[in-house]
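J.: In the working numbering, the protein residues as written are 165 to 425. Please see the structure below; I have some questions.
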């Protein structure tokens, strides 16, 4: 349900949808698979209409295998308004990226292998920088962004983070007064590996929504939720794994809680 967390990977999305936006998103991936990814995002965005800009803060927790990651970013975006409810946002995010690796969780065949580190390394913290642009109309948006522009290097751990690149687009189609269809796509890559999420959402009377996501060679996800008074959002998603990992796990769970004003 990435469409609830745009500003975590594109700072230009800060404040683009509401004056106040706060959200908590949690994901537990590949249930019952040892060392499977677990992640959480916390976001707060504030739009300042009189200055045509927005401020935001987000925190991301990500744990997979023997490594634990924590990121905190402050976002700023400036909005160029055009006719017919169109706007171009340009944003920058800056913060800290902390990484820790616990090599004691490894179980090597050769217990005394001198080339395998032992114990914990970190947490080590480095500066992080993100940048993005997003163009939005009343029925369509498109965004381009890059995270980890500084390519943080963790010398103690012996690890360098590659730059990541994101393309996102979605549109809203009014089928009737009660029904909207929202197709969308997210493409992300570090120029070594990549992933595509293709979404299709159906919204009934602006309060009930259901949909599905297809992630090639990985999963099909089914999601649904409610939006009370167009202010309070609760959503849930279940991924059915289509890769070979389906033989070792029981899918993935994701939940979103949001406040919109």
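Here a beta-carbon is modelled for each residue, glycine too, at the ideal position from N, C-alpha and C. These numbers were taken from a predicted model, which means no experiment stands behind them.
1) Given that a residue counts as buried once 16 or more other Cβ atoms are within 10 Å of its Cβ, and exposed if not, what is residue 370?
2) Got a sec? Which residues, its chain only, sit under 6 Å from residue 199 by beta carbon, not counting five neighbours each side?
3) Using only alpha-carbon positions, find the residue among 280, 265, 410 that is nearest to residue 271.
4) Could you name each continuous alpha helix (DSSP H) segment of 4 residues or more that falls completely within the stretch 208 to 250, going from the start of the chain to the end?
5) Starting from the Cα of residue 226, find the closest Cα among 413, 240, 329, 205 and give me that residue.
6) Verify whether the separation of the beta carbon atoms of residue 295 and residue 321 is less than 7 Å.
7) Assuming residue 187 contacts residue 422 under a Cβ cut-off of 8 Å, what Cβ separation, rounded to an integer in Å, is found between them?
8) Looking only at DSSP bridge pairs, what is residue 311 linked to?
9) Who are residue 288's beta bridge partners in DSSP?
10) Please confirm whether residue 292 and residue 323 have their CB atoms less than 7 Å apart.
11) Out of curiosity, what's the CA-to-CA distance linking residue 307 and residue 331?
12) Determine the DSSP secondary structure at residue 268, reduced to helix, strand or coil.
13) According to DSSP, which residues form a beta bridge with residue 391?
14) Buried or exposed for residue 354, going by 16 or more other Cβ atoms inside 10 Å?
15) Considering only residues of the same chain and omitting the five flanking positions on each side of residue 420, which have a CB-CB separation below 6 Å?
16) Looking at the structure shown, is residue 371 part of a helix, part of a strand, or coil, going by DSSP?
17) Mark residue 380 as exposed unless 16 or more other C-beta atoms lie within 10 angstroms of its C-beta, in which case mark it buried.
18) Give me, in chain order, the residues of the same chain whose beta-carbon lies closer than 8 Å to that of residue 409; leave out the 5 immediate sequence neighbours on both sides.
19) With which residues is residue 299 paired in a DSSP beta bridge?
20) Which ranges does the beta strand (DSSP E) cover as unbroken runs of at least 3 residues, wholly within the stretch 334 to 383, from first to last along the chain?
21) Ignore the nearest five residues each way along the sequence and tell me which others in residue 282's own chain have a CB closer than 7 Å to its CB.
T.: The answer reads as follows:
1) exposed
2) 229
3) 280
4) none
5) 205
6) no
7) 4 Å
8) 328
9) 263
10) no
11) 6 Å
12) helix
13) 397
14) exposed
15) 165, 168, 189, 399
16) coil
17) exposed
18) 194, 197
19) 252, 306
20) 343 to 353, 358 to 368, 372 to 379
21) 267, 268
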